[in-house]
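Sequential numbering of the sequence shown, starting at 41, is according to our numbering. Here the structure comes first, spelled out in structure tokens, and everything after it is commentary.
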Amino acid sequence: MKKSFLIILIIMIAGSIPLVWMGCSDSTTSVEYTAPEEPGLTEYFPMKTGSSIQYAEYNHVINDTGYYIYTIGGSATVGTHQGHYWIKSNLEFPAQVDSGVVYYEGEALYYIEDAADIPEKLLEAPFTVGRAWVRYDASQISLEYNIIDSILNNNDSKYDDNYNGLGGDDGGEIDDNNMNGATKSFPTLGANYFQISACEDIVLEQGVAIDECLRVENKNGRATNYYWYAPGTGLVKYVLGVNIDTYPDGEVVGEIIL
């Protein structure tokens, strides 16, 4: 009886092995890997009417903090450009409201305040580290008009820094030398170029981590300005006037409040 039982057990085990192997083989399926798509222009600066972002702006020059709301407004047309209103509101002084227009054109994002202004290219694809572009068409600048406008209205220009009338450090561009915050509703200033200098993760002052931000920069005289754009959100941080004395905070720091 014992011998017969052992033979039967061996036959059962031997017979079950192919069945188990065949079962695993039949259940195996091949899965093709699909690389995730890189965020595009509309991801790095989405335009959804009514969406708002709150910023805290720390001005280290005058030791002051301001709070602002940036809102994507309704559709807007400036000249031949169609986009959305970009509205900046001061939370402390609600009557202080500045506005411009943001729009896509081709593979680039532009900002403009009105038809008399020069469009400013904020971002341009492809988003690769080292890529640079001209910030605005300097040939459209009317030198006499801008000098008179600055004198009569005591305004800092919206465009380049270090203008001295004879050819400044950045080639004699218009004065933008104001570190008490930008003089327009979009907080960009400095030399006539932007460059993607990194794609990096950042941590805001409040401890919030934001991944895969494009860091865009340009010179501001002997200092540097930095701007970080995050997928799905847009501009999340900017630092103006970073030099050896103010690094890494710069003179003005703006951060999104999440």
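Note that beta-carbon positions come from the ideal geometry of N, C-alpha and C, so glycine has one too.
**OP:** Look up Val137 in the DSSP assignment and give the residues it is bridged to.
**Re:** Ser129
Original post:
Which word fits Arg262, buried or exposed, when buried means at least 16 other C-beta atoms lie within 10 angstroms of its C-beta?
Top reply: exposed
**OP:** Please classify Thr82: does DSSP put it in a helix, a strand, or coil?
**Re:** helix
Original post:
So, helix, strand or coil for Ser92, using DSSP?
Top reply: strand
**OP:** Could you give the DSSP three-state label for Ala178: helix, strand or coil?
**Re:** helix
Original post:
Any idea which residues DSSP pairs Lys259 with across the strands?
Top reply: Thr264
Subject >> Under 8 angstroms between C-beta atoms of Thr89 and Gly114 >> reply: yes
**OP:** Would you identify the three-state DSSP class for Glu153, choosing helix, strand or coil?
**Re:** coil
Original post:
Roughly how many whole angstroms lie between the Cα atoms of Asn258 and Asn99?
Top reply: 19 angstroms
Subject >> C-alpha gap between Tyr287 and Thr264, whole angstroms >> reply: 10 angstroms
Original post:
Is the distance from the Cβ of Val174 to the Cβ of Lys161 below 8 angstroms?
Top reply: yes
Subject >> Rounded distance between the beta-carbons of Leu244 and Glu295, thought under 8 angstroms >> reply: 5 angstroms
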